[in-house]
Amino acid sequence: MNEPTAYHRPAGYEPTAVEVHHPAPITPAHTMPLVPVQSGAIPAVASVVLPDGRVITGYAIEPAKPEPVAAKPAVSRAAVNIALGGIGFGAVCGGLVLLTTFIAALAALIHQLIILAAVIFGGWVAVQVFSASGHRGGTTVNIRKAVFKRNHFHG
């Protein structure tokens, strides 16, 4: 019963007649274009008369207005922060240069003090070793009666 035909329609299907509607042109009521009148709550309705006499009526669409942008400062915050960081870094570097100079001067002073102590202590030791003043104790040997023969001591 409902087997498809060559056009893939079920048997007994009869197409209905198609009605075509052609729009009838509207005769203009006014010969001049209408000026939209805008009231408080209702948007303005605008009518435009085309050159062939047709009138098109519709709501006027206003373009979307962008929100006002807050005034930007002449210099961004990031640039100010970078500049302040650079100034701080420069101040720290100057202090570090002074600190390293101070440490180098202190090391040179300690080095000079060590050399001075070595010279003074070495001089004191030399004076103690080579001085002939006084008897230091120990055993005194009297060798007046000794006989030296061929560089040998015979006591």
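Remember, this note's numbering sits 37 above the position in the sequence shown when you count from 1. Just so it is clear, CB atoms sit at the ideal spot from N, CA and C, and this is done for glycine as well.
**Request:** Indicate the three-state DSSP secondary structure (helix, strand or coil) for Val112 in the structure shown.
**Result:** If DSSP states are grouped into helix, strand and coil, Val112 belongs with coil.
**Asked** If you draw a straight line from the C-alpha of Ala111 to the C-alpha of Leu143, how long is it?
**Response** 49 Å
**Message:** Quick check on DSSP: helix, strand or coil for Ala155?
**Reply:** helix
**Asked** At which residues does the beta strand (DSSP E) containing Ile98 begin and terminate?
**Response** Judged by DSSP secondary structure, Ile98 falls outside any beta strand (DSSP E); it is assigned neither H nor E.
**Request:** Look up Val55 in the DSSP assignment and say whether it is helix, strand or coil.
**Result:** Coil at Val55, not helix or strand.
**Prompt:** Beta-carbon separation of Ile98 and Val85 under 7 Å?
**Reply:** no
**Asked** Which two residues bound the contiguous beta strand (DSSP E) that contains Ala265?
**Response** Because the chain here runs from 38 to 192, residue 265 falls outside it and cannot be looked at.
**Message:** Taking the alpha carbon of Leu87 as the reference point, which residue from Ala107, Gly122, Pro62 has its own alpha carbon closest?
**Reply:** Pro62
**Request:** Please name the residue, chosen from Val82, Cys130, Gly127, Ile124, that lies closest to Gly95 on a Cα-to-Cα basis.
**Result:** Val82
**Asked** Rounded to a whole number of angstroms, what is the C-alpha to C-alpha distance between Ile119 and Lys109?
**Response** 18 Å
**Request:** Just the C-alpha distance for Ile147 and Val162, rounded to the nearest angstrom, thanks.
**Result:** Approximately 22 Å, taken between the alpha carbons.
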